[in-house]
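Residue numbers (the numbering used here): 0 to 243.
C-beta atoms are modelled at their ideal positions from N, C-alpha and C, and glycine is treated no differently.
Owing to the predicted nature of the structure, the values given are computational and were not obtained by experimental measurement.
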């Protein structure tokens, strides 16, 4: 595929990108014109393709997404270079490495659990995450405990997807908006990705699994989805308590 004529200064900027994931995405686009989520998964082994794409954007390289059909005829996402004039000249210079001692400090401060779903995990399964996305505010000058949180891989993927589809991500890029979002402060927030939404992540563990299975079976009996059934049970219990 022929690429549009890219300005020399943009090509020079691309050469300065050294991160492995970012370089793979850039080199593939330079060769083929675009890269798909299927390419990232099957050719390069990335189980979370948006993370690799976000790496490139965080380096100041504009990428635009569009839809294509894969070999099975399913619609998937693809990415190509956006407007070269929108390239940020190394405004974001790459993430600073997070020392192991800092992660341990987070564990000691908040426990070895995910800040979003509340699940307990071994420390090695938790990831240190910027409360305000790196793509919005860049790196924190000096590591401050309150600016980071520990999240499990599943919640980190969910946060990445939600943040990258938030109007603030493509528009104002205001850290203040992010700070009042669920994904930055799950216990004190006003919105989720700019929308008037509330969310509750619940985990049943150990002996609670038996209760979960019973609730799930009951929901199936009534022909309801599990989330709606649980919300109805909570609403009923709340109204009952209010009437006491």
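| Asked | Found |
| --- | --- |
| Coarse secondary structure for residue 144, derived from DSSP in three states | helix |
| Per-residue burial, residue 92 [other beta carbons within 10 Å of its own, 16 or more giving buried] | Low per-residue confidence applies at residue 92: pLDDT is 47, beneath 50, and the placement is therefore not dependable, though the value from the model is reported in the following sentence. Exposed, by the Cβ-count rule. |
| Beta-carbon separation (whole angstroms), residue 52 vs residue 42, contact threshold 8 Å | With 8 Å as the limit, residue 52 and residue 42 do not qualify as a contact, their Cβ atoms being about 14 Å apart. |
| Proximity to residue 107 [Cα-Cα], best of 133, 149 and 78 | 149 |
| Neighbourhood of residue 55 by C-beta distance below 7 Å, restricted to the same chain and skipping five residues each side | 21, 24, 25 and 62 |
| Residue 160 to residue 97 span [Cα, whole Å] | 22 Å |
| Same chain, Cβ closer than 7 Å to residue 230, neighbours up to 5 away in sequence not counted | none |
| Alpha-carbon to alpha-carbon, residue 205 and residue 171 | 44 Å |
| Which of helix, strand or coil DSSP assigns to residue 52 | helix |
| Spatial distance of residue 81 from residue 164 (CA atoms) | 17 Å |
| Local Cβ density within 10 Å of residue 158, reported as buried at 16 or more and exposed below that | buried |
| Where residue 188 falls: helix, strand or coil (DSSP) | coil |
| In DSSP terms, what residue 66 is bridged to | 76 |
| Residues of its chain near residue 127, where Cβ-Cβ distance is below 6 Å and the 5 sequence neighbours each way are ignored | 97, 102 and 147 |
| Residue 190 beta carbon less than 8 Å from that of residue 289 | This structure gives no information on residue 289, because the portion of the chain shown stretches from 0 to 243. |
| Which of helix, strand or coil DSSP assigns to residue 14 | helix |
| For residue 168 and residue 11, the rounded distance between their alpha carbons | 26 Å |
| Coil, strand or helix - residue 128 by DSSP | strand |
| Residue 106: first and last residue of the uninterrupted alpha helix (DSSP H) it sits in | 99-109 |
| Contact under 8 Å by Cβ, residue 45 with residue 64 | no |
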